[in-house]
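Notes for the one structure printed next.
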Amino acid sequence: MPADKVFHLFDRADQLEQTLCQQMNRTLRFRFVLPFFRVVSRLGDGIAWYLLILALPIISPAHGGPIALVMAFAGLTGTLGYRFLKQHLVRERPFINNPVIHCGTPPLDRYSFPSGHTLHATGFTTILLMTLPMVGLAVLPFALCVAASRVILGLHYPTDVLAGALLGVILGLSAVTLAGLA
């Protein structure tokens, strides 16, 4: 798809998503929302996932090591993939395009599509649900909060989060399948 068509598509999507972004971002006015989602977002930067990867051999001595390696590989692959997409698709973040939307925490990079936080949260959760279902279920609420935090904090449009989630699920399924853990 030519670049001008991609930019036009993003402009149209931005217009359609503005109201939802504003509504979700307005929840920051409630006292507990901003600190909660800032912490979730910061943990979703990688801290929680790194700790979980390191803990997997302890949580599941029989299978944790190989699963941790698959998660590390998926994390690296996901990072390379979403950075490539962001650099080539260059969708501005909602708080840049709309002065009514407040940036709840500084972004890690300039562009918003797709959400790397959501990609990793859903990718890692998918891997865990497929290999260690109880651990995956325990992590699922955190992954959902990471995804929600991206829109609430004004950093992503809902379609950025949906794209990141879809890519994360595909990445997680592929990683488990390729590693023979399915």
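If you count by our numbering, then the sequence shown holds residues -6 to 175, one letter each, in order.
Every residue, glycine too, gets a C-beta built ideally from N, C-alpha and C.
Spatial neighbours of residue i within its chain, please: C-beta separation below 7 Å, excluding the five flanking residues on both sides.
{"i": "TRP42", "result": "GLY68, HIS113 and PHE117"}
{"i": "LEU155", "result": "none"}
{"i": "ALA168", "result": "VAL63, PHE66, ALA67 and ILE120"}
Determine the burial state of residue i: buried for a count of at least 16 other Cβ atoms within 10 Å of its Cβ, exposed for fewer.
{"i": "PHE106", "result": "buried"}
{"i": "GLY161", "result": "buried"}
Could you check whether residue j and residue i sit closer than 7 Å to each other, using their CB atoms as the reference points?
{"i": "ILE120", "j": "GLY71", "result": "no"}
{"i": "MET17", "j": "ILE163", "result": "no"}
{"i": "PRO100", "j": "LEU148", "result": "yes"}
{"i": "VAL128", "j": "GLY37", "result": "no"}
{"i": "ILE46", "j": "ALA65", "result": "yes"}
{"i": "LEU27", "j": "GLY97", "result": "yes"}
Measuring straight from C-alpha to C-alpha, what distance separates residue i and residue j?
{"i": "ARG19", "j": "GLY157", "result": "23 Å"}
{"i": "PHE25", "j": "ARG35", "result": "16 Å"}
{"i": "ARG5", "j": "PRO87", "result": "13 Å"}
{"i": "ILE52", "j": "PHE23", "result": "37 Å"}
{"i": "PHE30", "j": "PRO134", "result": "13 Å"}
Give every residue of the same chain whose Cβ lies closer than 6 Å to the Cβ of residue i, excluding the five residues on either side of it in the sequence, and list them in chain order.
{"i": "GLU10", "result": "TYR150 and PRO151"}
{"i": "LEU49", "result": "GLY57, ILE60 and ALA61"}
Counting only the same chain and skipping the five closest in sequence on each side, list residues whose C-beta sits under 8 Å from that of residue i.
{"i": "GLN15", "result": "ASN91, VAL93 and ILE94"}
{"i": "ARG76", "result": "ASP102 and GLY109"}
{"i": "VAL32", "result": "none"}
{"i": "GLN80", "result": "TYR104"}
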